[in-house]
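What follows is one structure encoded as structure tokens, with my remarks underneath.
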Amino acid sequence: MALDDAFTNREREIAELKADIVNGQDVVVFAPRRYGKSSLMWRVAQELVRRRVLVASVDLMTTPTVAKLAEKLARTIHEDVASRREKALDRLRIFSSLRVKPIVNVDPDTGKLSFGFDAGYAPEDLRATLEHLLALPGELGAERKRRVALIFDEFQEVVDIDPTLPRLMRAVFQEQPEVAHVYLGSKRHMMRRLFSDENEPFWRSAKPVELGVIAPEPFAAYIAERFRASGRSIDPEAVGAILRTTGGHPYATQELCYFLWQLTAEGETADLAHLQAAVEGVLRSENAHFATVWDHASAQQRVLLQALAAEPGRALTTDYRRRHDLPSPSTVQSAVTALERQELVRNEGGDVRIVEPFLSEWVRGRFGAP
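Heads up: the sequence shown begins at 5 in this note's numbering, then just goes up one per residue.
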């Protein structure tokens, strides 16, 4: 996660999200993996806290069961929404009316509290407890006369936790004018279904915000400034080559610049020779990950990845398929759909491209043009 000085050029998105949340607007943020959505929300949360907004956050990737979700909710509500004027143990009064009371442990070294729910409870009691926990941020926000931002990271995981949870959550959330709900997700096809399918409870319930790549001009200025700040410099040609390689992909640019910085001694200037070595370092670092992706891909998906690595574009057209010796449109469409579900490619109006720039580099280096 890029924080503070390592976070750059999302000023428009920060301002928009901050205004939406302060005004009580629910928001859903779509972005592929490694596009910086968690870093973006961290920065937004920092600024919201300065404006006395109560910010609570739960990463659903860490809550595989209803009980774990209840535990994480209880902790963030206790730590971030309940009044800090009271002592930590006194704040536990907010859980007094829960059907299933959390077990609270105190770390003797740090004094921090952890929350858990004992085994043996009836499923309906745990569900009622979770429903009450979901309602608590609104109740506490009204009590304290403060806006609350309730953030769910990797929200698409909610269906795997319990397929009935979206309906329960939506029923609670639509009665919370004090709370702005923010939903982050990296699996775009699942997030779109949750928020764009009229048969889903969250249909049209939140303003969509989609993160794209970062524009080259501010990214170039930022890269040059960060090298200067560490006693190094970077050739403008190298900056341009970085952004052509990564296409402004936030994580890929950060990763490549880190390798380049490591290869540039203090007082030196990073040039194209340094950059080539940095690209090779990134590919070595990512080799195991990309090899796993390749091993799990079907034969048709591999052929398509080779074509897209050589030439992103309209993969379903006759000319494109002929140039790259691809099979029938239906077979290519199946491969595109499968790779989209894995967040490996994006299909925007028929224009298909690989999401991670270095996967393209790796495929070209290993297998060349199809």
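All C-beta atoms, glycine included, are put in the ideal place defined by N, C-alpha and C. No experiment lies behind these values; they were computed from the predicted model shown.
- The C-alpha of ARG197 is placed about 9 Å away from the C-alpha of GLN160.
- The C-beta separation of LEU102 from VAL110 comes to about 19 Å, leaving the pair out of contact by the 8 Å criterion.
- ASN351 and HIS253 have their C-alpha atoms roughly 16 Å apart.
- The beta-carbon separation of ALA282 and LEU309, rounded to 24 Å, does not stay under the 8 Å limit for a contact.
- By the Cβ-count criterion, ASP355 is exposed, with fewer than 16 other Cβ atoms from all chains shown falling within 10 Å of its own Cβ.
- Distances from the CA of GLY216 to each of ILE18, GLU15, ALA35 and SER87 were compared; the closest alpha carbon is that of ALA35.
- Spanning the alpha carbons of VAL70 and THR133 requires a straight line of approximately 10 Å.
- In the DSSP assignment, GLY244 falls within the alpha helix (DSSP H) that extends over 240–250.
- When rounded, the separation of the alpha-carbon atoms in GLU284 and ARG14 is 29 Å.
- The alpha carbon of VAL104 has as its nearest neighbour, out of GLU128, ASP329, ALA23 and LEU140, the alpha carbon of GLU128.
- Between the region 233–246 and the region 203–213, the count of C-beta pairs closer than 8 Å stays below three; the two stretches do not touch.
- Beta bridge pairing from DSSP links LEU58 with VAL152.
- The shortest C-alpha to C-alpha distance from VAL340 to any of ARG95, LEU312, TRP366 and LEU52 is the one to LEU312.
- Beta-carbon to beta-carbon, THR273 and SER237 are separated by about 5 Å, close enough to satisfy the 8 Å threshold.
- When DSSP assignments are scanned along the region 194–268, the uninterrupted stretches of alpha helix (DSSP H) that are 4 or more residues long and fall wholly within it turn out to be 220–233, 240–250 and 254–267.
- At a Cβ-Cβ threshold of 7 Å, HIS278 and LEU264 count as neighbours.
- Annotation for GLU344: no beta strand (DSSP E) segment contains it, though the alpha helix (DSSP H) segment containing it runs 333–345.
- Looking at the DSSP output, ARG357 sits in a beta bridge with ARG350.
- Secondary structure note for ASN291: its alpha helix (DSSP H) is the uninterrupted segment 276–300.
- Restricting attention to ARG56, LEU138 and TYR39, the CA atom closest to the CA of ALA78 is found in LEU138.
- Rounded to the nearest whole angstrom, the CA to CA distance from VAL307 to ARG325 is 11 Å.
- The three-state reading of DSSP puts TYR187 in strand, counting E and B together.
- The way I'd put it, the region 20–30 does touch the region 184–196; three or more beta-carbon pairs between them come closer than 8 Å.
- For ILE18, the uninterrupted alpha helix (DSSP H) run begins and ends at 15–26, by DSSP.
- Three or more Cβ pairs closer than 8 Å define a contact, and the region 198–205 falls short of that threshold against the region 46–55.
- For VAL307, no beta strand (DSSP E) segment is defined; the enclosing uninterrupted segment is the alpha helix (DSSP H) at 303–314.
- Looking at the DSSP output, THR273 shares a beta bridge with SER237.
- CA-CA distance, LEU154 to SER364, rounds to 37 Å.
- Cβ atoms of PHE119 and VAL108 come within 8 Å of each other, at about 6 Å.
- A distance of 7 Å or more separates the beta carbons of GLU158 and LEU267.
- Within a 10 Å sphere around the beta-carbon of ASP299 sit fewer than 16 other beta-carbons, which makes this residue exposed.
- For ILE107, the enclosing beta strand (DSSP E) stretches over residues 107–110.
- For PHE119, the enclosing beta strand (DSSP E) stretches over residues 117–120.
- SER190 counts as buried, since no fewer than 16 other beta carbons sit within 10 angstroms of its beta carbon.
- In this structure, the beta-carbon distance from ARG357 to PRO331 does not fall below 7 Å.
- Rounded to the nearest whole angstrom, the CA to CA distance from ALA224 to ARG318 is 29 Å.
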